[in-house]
Amino acid sequence: MTRFTTRRSSYLTWAAACAAFTIAAGACELRPAPGFARGEMIFDTCSPCHGKDGAGDESLGAPAIAGAAESYLTAQLERFQVGVRGYHYQDAEGLRMRPMSRALIPAEGDNESIVEFLMSLPIVDPPATLEGGDVEVGEADYTLLCSNCHGIDGRGLDAVPDAPTLLHLNDWYIASSLRKYRDGVRGAAPGDASGATMRAPVTGWTDERINDVTAYIMTMQRLPRRIPGPPPEPLPPVDVDPSILPEGVTVAMVQEGQDLFHGAGICVSCHLREGAGGALAPDLTDDVWLHIDGEYEQIVELIIDGVDTPIEAPGPMLPRAGTDITDEQVRAVAAYVYTLSR
Ligand code: HEC
Ligand code: HEC
Ligand code: HEC
Numbered sequence: 392m393t394r395f396t397t398r399r400s401s402y403l404t405w406a407a408a409c410a411a412f413t414i415a416a417g418a419c420e421l422r423p424a425p426g427f428a429r430g431e432m433i434f435d436t437c438s439p440c441h442g443k444d445g446a447g448d449e450s451l452g453a454p455a456i457a458g459a460a461e462s463y464l465t466a467q468l469e470r471f472q473v474g475v476r477g478y479h480y481q482d483a484e485g486l487r488m489r490p491m492s493r494a495l496i497p498a499e500g501d502n503e504s505i506v507e508f509l510m511s512l513p514i515v516d517p518p519a520t521l522e523g524g525d526v527e528v529g530e531a532d533y534t535l536l537c538s539n540c541h542g543i544d545g546r547g548l549d550a551v552p553d554a555p556t557l558l559h560l561n562d563w564y565i566a567s568s569l570r571k572y573r574d575g576v577r578g579a580a581p582g583d584a585s586g587a588t589m590r591a592p593v594t595g596w597t598d599e600r601i602n603d604v605t606a607y608i609m610t611m612q613r614l615p616r617r618i619p620g621p622p623p624e625p626l627p628p629v630d631v632d633p634s635i636l637p638e639g640v641t642v643a644m645v646q647e648g649q650d651l652f653h654g655a656g657i658c659v660s661c662h663l664r665e666g667a668g669g670a671l672a673p674d675l676t677d678d679v680w681l682h683i684d685g686e687y688e689q690i691v692e693l694i695i696d697g698v699d700t701p702i703e704a705p706g707p708m709l710p711r712a713g714t715d716i717t718d719e720q721v722r723a724v725a726a727y728v729y730t731l732s733r
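Quick note, this note's numbering runs 391 ahead of the 1-based positions in the sequence shown.
Given below as structure tokens:
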């Protein structure tokens, strides 16, 4: 641990001094304006763990950060800062990273600065270190359960902007992250919709299966970063005849439900846009129902309970999809689902 103590503590002292004297900002004049140069300076506090080239350090559990997308880096730094990530007592590595994130002062442009600098580093491709994973088994799982969100080439998809590229990470970190999602050590904080999305696909997996999919990811072609396309078309406003709605359900609820379905409720990540269905979850727009007969109260109950044992899909649906949407929000999203097939 000693090898990063000195620099980290000097940055922390300096950052604390800046935070305390924002008005008489004498202590802060030394640092460059927000942007690349400040990011480069901040990186001195990151490289003792993440490496000079950002390629990661297994002995500290610090992953490669030089191949990640800008939006993902920004989002994860914020997640550490607000405590949605790196909070669990069993998350030794996350707990190591969290104080580092808090030495950054977002209001002063530190986050943008360090991300700008990280994006300038050449992309790294850490070599495979794990042995014995069955690549064929991993490929089958990946195609069925992961490609939906991370893309068949592992570079992510516009349709699921939160899901990062998996191509430039260390295999030991991929495997440990998957174990953490499975065990609720990462991705299970209240309000962490994006983490919840990632927990469902690995629910109940063995360590062996995790190693298999990790081995497969390490065989994927090391492509450059994907350039995200334009944002998707906005959803059409709901157009529903109030007379078909069950008692107590209003058009306003359906509209709210549409937002939840494609937002905080994360239904879209498995049932896809407007409930069209995909490899992970059924079509909600047809009149075929697998678990219920499609009545409103049954939809409400199904969302609250989830689907522990799916009939066709390869993995479960967690209660409330693993999110913390309220009972009222469940009723709204159920109202939207109710209209999809009618
Ligand atoms: C004391 C060691 C240490 C220092 C210093 C450190 N980190 Fe980390 N960082 C970690 C560890 C360990 C993890 C892995 C957490 C996990 O396993 O979930 C991590 C994870 C991350 C992640 C998430 C990567 C991903 O793929 O999700 C980002 C981004 C990150 N660090 C950025 C930074 C930045 C920027 C700095 C400098 C301001 C920094 N770290 C300083 C140890 C450190
Ligand atoms: C429904 C969408 C979805 C599916 C399916 C999915 N993921 Fe993810 N994945 C995400 C999201 C969103 C995140 C970011 C979560 C967070 O912020 O912690 C993520 C994060 C990850 C990470 C962490 C990356 C990092 O840098 O820390 C790994 C590894 C990963 N996924 C692997 C997989 C594998 C392997 C599968 C298949 C078994 C899979 N994912 C299936 C959405 C998905
Ligand atoms: C992790 C993927 C996933 C997410 C996220 C998810 N579901 Fe599901 N959903 C499933 C699976 C799997 C089933 C059961 C499919 C089967 O049995 O084969 C299912 C079934 C359903 C059904 C019953 C369909 C039927 O034919 O009986 C409804 C209704 C439903 N989901 C609504 C939702 C809503 C609303 C949300 C968001 C709050 C949501 N789901 C989020 C995976 C998901």
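Virtual Cβ for every residue (Gly too), placed ideally from N, Cα, C. Here the structure is a predicted model, which is why all the values come from computation and not from measurement.
query = What does a CB cutoff of less than 6 Å around Met-644 pick up in its chain, not counting 5 residues either side in sequence?
reply = On the sequence shown, residue 644 is found 253 positions in, with the first residue counted as 1. So the qualifying residues of the chain are Ala-723 and Ala-726.
query = Buried or exposed: which applies to Gln-467, given that a residue is buried once 16 or more other Cβ atoms fall within 10 Å of its Cβ?
reply = The residue you call residue 467 lines up with position 76 of the sequence shown. With 16 or more Cβ atoms within 10 Å of its Cβ, Gln-467 is classed as buried.
key: Residue closest to Pro-633, alpha-carbon to alpha-carbon, out of Gly-656, Asp-549 and Tyr-729   = Residue mapping note: residue 633 aligns to position 242 of the sequence shown, counting from 1. Minimum Cα distance to Pro-633 is reached at Tyr-729.
inquiry  = With a threshold of 6 Å on Cβ separation, who are the neighbours of Asp-699 within its own chain once the five nearest residues in sequence on each side are excluded?
reply    = Numbered from 1 along the sequence shown, position 308 holds the residue referred to as residue 699. Only Pro-707 meet the Cβ criterion.
inquiry  = Can you tell me where the alpha helix (DSSP H) holding Tyr-727 begins and where it ends?
reply    = In the sequence shown, counting from the first residue as 1, residue 727 sits at position 336. Here the alpha helix (DSSP H) through Tyr-727 covers 718-731.
inquiry  = Between Ile-505, Glu-647, Pro-705 and Leu-675, which has its C-alpha nearest Pro-425's C-alpha?
reply    = Residue 425 sits at position 34 when you count from the first residue of the sequence shown. Proximity to Pro-425 across Ile-505, Glu-647, Pro-705 and Leu-675 peaks at Ile-505, based on C-alpha coordinates.
ask   = When burial is assigned at 16 or more other CB atoms within 10 Å of the CB, is Gln-481 buried or exposed?
value = Residue 481 sits at position 90 when you count from the first residue of the sequence shown. When all chains shown are included, Gln-481 counts as exposed.
task = Using the Cα positions of Arg-422 and Gly-542, report the straight-line distance between them to the nearest angstrom.
result = Indexing the sequence shown from 1 puts residue 422 at position 31. Indexing the sequence shown from 1 puts residue 542 at position 151. Looking at the backbone, the Cα of Arg-422 and that of Gly-542 are separated by about 40 Å.
ask   = Counting along the chain, where does the alpha helix (DSSP H) carrying Asn-539 start and finish?
value = Locating residue 539 in the sequence shown gives position 148, where the first residue counts as 1. Here the alpha helix (DSSP H) through Asn-539 covers 538-541.
query = Between the stretch 592-601 and the stretch 646-658, do at least 3 Cβ pairs fall closer than 8 Å?
reply = Under the 8 Å Cβ criterion, the stretch 592-601 does not count as touching the stretch 646-658, having fewer than three qualifying pairs.
query = For Val-698, which three-state DSSP category applies?
reply = By 1-based counting over the sequence shown, the position of residue 698 is 307. Val-698: strand per DSSP, three-state reduction.
task = Spell out the partners DSSP gives Ser-644 in its beta bridges.
result = Start at 1 with the first residue of the sequence shown, and residue 644 comes out as number 253. Checking the sequence shown, residue 644 turns out to be Met, not Ser. None, per the DSSP bridge assignment.
inquiry  = Mapping the DSSP letters down to three states, classify Asp-448 as helix, strand or coil.
reply    = As a first step, residue 448 is located in the sequence shown; it is residue number 57 there, counting from the start. Taken through DSSP and simplified to helix, strand or coil, Asp-448 comes out as strand.
request  = Taking Ile-702 as the reference, give the member of Glu-719, Ile-683, Tyr-687 and Gly-578 with the closest Cα.
outcome  = Here residue 702 is taken as the residue at index 311 of the sequence shown, counted from 1. Nearest option by C-alpha distance: Ile-683.
query = So does Gln-481 have its beta carbon nearer than 7 Å to some heavy atom of ligand 1?
reply = The residue you call residue 481 lines up with position 90 of the sequence shown. For ligand 1, not one heavy atom lies less than 7 Å from the Cβ of Gln-481.
request  = With a threshold of 7 Å, establish whether the CB of Cys-537 neighbours any heavy atom of ligand 1.
outcome  = The count along the sequence shown starts at 1 and reaches residue 537 at position 146. False, no ligand heavy atom lies under 7 Å from that Cβ.
ask   = Is there at least one non-hydrogen atom of ligand 3 closer than 7 Å to the beta-carbon of Ile-543?
value = Here residue 543 corresponds to residue number 152 of the sequence shown, with the count starting at 1. No, Cβ of Ile-543 sits at least 7 Å from all heavy atoms of ligand 3.
Sub-8 Å separation of Ile-657 and Ala-712 beta-carbons = Start at 1 with the first residue of the sequence shown, and residue 657 comes out as number 266. Start at 1 with the first residue of the sequence shown, and residue 712 comes out as number 321. Yes. Within cutoff.
task = For the alpha helix (DSSP H) holding Leu-548, just list the boundary residues, first then last.
result = The residue given as residue 548 occupies position 157 in the sequence shown. Run containing Leu-548: none; DSSP gives neither H nor E here.
query = So is the beta-carbon of Leu-569 under 7 Å away from any non-hydrogen atom of ligand 3?
reply = By one-based count along the sequence shown, residue 569 stands at place 178. Outside the cutoff, so no.
Cβ pair Arg-590, Gly-582 closer than 8 Å = Taking the first residue of the sequence shown as position 1, residue 590 is located at position 199. Taking the first residue of the sequence shown as position 1, residue 582 is located at position 191. At the C-beta level, Arg-590 and Gly-582 stay beyond 8 Å of one another.
message = Whole angstroms are fine: how far does the CA of Phe-434 sit from the CA of Val-475?
response = Position 84 of the sequence shown, counting from 1, holds the residue named residue 475. Position 43 of the sequence shown, counting from 1, holds the residue named residue 434. Cα to Cα, the separation comes out at about 23 Å.
query = By Cβ distance, which residues of its chain are closer than 8 Å to Met-432, with the 5 residues on each side in sequence left out?
reply = Position 41 of the sequence shown holds residue 432. Answer for Met-432: Arg-422 and Pro-423, listed in chain order.
Terminal residues of the alpha helix (DSSP H) in which Asn-602 lies = Counting from one through the sequence shown, the residue named residue 602 turns up at place 211. Its alpha helix (DSSP H) spans residues 598-610.
ask   = Which of the three DSSP states, helix, strand or coil, is assigned to Leu-486?
value = By one-based count along the sequence shown, residue 486 stands at place 95. The answer is helix: DSSP assigns Leu-486 an H, G or I state.
key: For Val-473, the first and last residue of its enclosing alpha helix (DSSP H)   = Position 82 of the sequence shown, counted from the first residue, corresponds to residue 473. It spans 461-473 - the alpha helix (DSSP H) in which Val-473 sits, taken as one unbroken run.
ask   = In angstroms, rounded to a whole number, what distance separates the CA positions of Phe-471 and Pro-490?
value = In the sequence shown, the residue the question calls residue 471 occupies position 80. In the sequence shown, the residue the question calls residue 490 occupies position 99. Between Phe-471 and Pro-490, the C-alpha separation is close to 8 Å.
ask   = By the 10 Å Cβ neighbour count, where 16 or more other Cβ atoms means buried, how is Asp-532 classified, buried or exposed?
value = Start at 1 with the first residue of the sequence shown, and residue 532 comes out as number 141. Buried.
ask   = Who are the near neighbours of Ala-584 in its chain, counting only those whose CB is closer than 7 Å to its CB and skipping five residues on each side?
value = Translated into the one-based positions of the sequence shown, residue 584 becomes position 193. Excluding its 5 nearest sequence neighbours in each direction, Ala-584 has C-beta neighbours in its own chain below 7 Å: Ala-655, Ile-657 and Thr-714, listed in chain order.
message = For ligand 1, I want to know if Pro-454 counts as a neighbour, meaning its beta carbon is within less than 7 Å of at least one of the ligand's heavy atoms.
response = Here residue 454 refers to the residue found at position 63 of the sequence shown. Yes.
ask   = Excluding the five sequence neighbours on either side, which residues of its own chain have a C-beta within less than 8 Å of the C-beta of Gly-417, listed in chain order?
value = Taking the first residue of the sequence shown as position 1, residue 417 is located at position 26. In this prediction, Gly-417 scores a pLDDT of 47, lower than 50, which makes its location untrustworthy; the coordinate-derived value is nonetheless stated afterwards. No residues qualify anywhere along the chain.
ask   = Would the beta-carbon of Tyr-478 be found less than 7 Å away from any heavy atom of ligand 2?
value = Working through the sequence shown from its first residue, we reach residue 478 at position 87. Because no heavy atom of ligand 2 lies under 7 Å away, the Cβ of Tyr-478 does not count as near it: no.
message = Quick check on DSSP: helix, strand or coil for Ala-424?
response = The count along the sequence shown starts at 1 and reaches residue 424 at position 33. In the structure shown, Ala-424 sits in coil (DSSP, three-state: anything other than H, G, I, E or B).
ask   = How many angstroms separate the CA atom of Leu-486 from the CA atom of Ser-732?
value = Here the question's residue 486 lines up with position 95 in the sequence shown. Here the question's residue 732 lines up with position 341 in the sequence shown. In a straight line, the C-alpha of Leu-486 is about 46 Å away from that of Ser-732.
Separation of Leu-557 from Ser-567, as counted between CA atoms = Within the sequence shown, the letter at position 176 stands for residue 567. Within the sequence shown, the letter at position 166 stands for residue 557. Approximately 13 Å between the Cα atoms of the pair.
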